[in-house]
Amino acid sequence: MIKVFLSTPAKAIINFCAVNKITISNFYQIAWALLLRNLLQEAQQGFLKSLKHQHCSLAHVQQALGMPRHSLFNTGISLQRLPSASNKGSAVSSLNFEHLDGQDSTGYEMIVNVAANSETFGAALSFWTAQISEANAAHISSCFAQIVSEIVAQPHEIVAELGPLSRRDVLHIESILPPSPSGIEACVDELVTLMANKRPNKTAVEFWDGSLSYSELDDMSSRVVARLQLIGVGIESIVPVCFSKSM
């Protein structure tokens, strides 16, 4: 049994698949079928178990390993607890605080600032412009907001159904992709014949032990068609094929 978290080394997953004789693609197919709710609960339990080590400074661990200046990750998260709106009127003191903004000085390339209470929450992404462009930061924040919205709206869906792309991201991807080619209403043999007439000597098929030009391919395929018709093979007939994978 293996419990997979975001920090699980790839080597551990590969070894697990090798021992259990399953492919990595099958492993991830199973992972994609997990419920979001269950995955979040597992992540929460993993975090709670790690709390007993919270007094062990990561900086001291890196120092002991001889890698004090190595960056383990480029993103951090800061959580600020907001006063509950229902408790504001019941406060004994005449002094009340209203949250306006929060800044958390850090060396991370990007940090997620979360301010929350039992009734609401807000998040803001801060980043170093020397490391992340404003355009990339906008896409990251859009993706972050989309994923959080999907999780809140559909906690009982499987991971594969999670839609990480916002409308903004979809429009951006469509804008940088070339136009979709128009559909071609033609059979393969018709296209081969067309190319044989236009460029008869151009290579159509190339393999390790030989090659065929379009004219040669057209001639051979025409003879195969004639042979199939002779033995009664027609449209939508199922024909088993068995041949050596060579010219």
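Per the working numbering, the very first residue in the sequence shown carries number 0; after that it's consecutive.
For glycine and all other residues, C-beta sits at the position ideal for the given N, C-alpha and C.
In this text, all values refer to a predicted model and were calculated from it rather than measured experimentally.
For G45, the three-state secondary structure derived from DSSP is helix. Note on N200: under 16 other CB atoms within 10 angstroms of its CB, so exposed under the neighbour-count rule.
Distance from the Cα of S148 is smallest, within the candidate group Q44, T128 and F120, for F120. The C-beta distance from N116 to S165 rounds to 26 Å, too long to fall under 8 Å, and the pair is not in contact.
Under the three-pair Cβ rule at 8 Å, the region 32-44 counts as touching the region 155-165. Boundaries of the beta strand (DSSP E) harbouring T74: T74 to R80, taken from the DSSP string. When secondary structure is reduced to three states using DSSP, I110 falls in the strand class. Using a Cβ distance threshold of 8 Å, E108 and N73 count as a contacting pair.
Contact between the region 164-183 and the region 46-64 is absent: fewer than three C-beta pairs spanning the two stretches fall below 8 Å. Distance from D217 to V191 at the Cβ level is roughly 5 Å; contact confirmed, criterion being Cβ atoms closer than 8 Å. For G209, the pairing in a beta bridge is given by DSSP as F206.
When DSSP states are grouped into helix, strand and coil, F126 belongs to the strand group. Around the CB of F242, fewer than 16 other CB atoms lie within 10 Å, so the residue is classed as exposed.
Contact between Y213 and A225 is ruled out by a C-beta separation of about 19 Å, above the 8 Å threshold.
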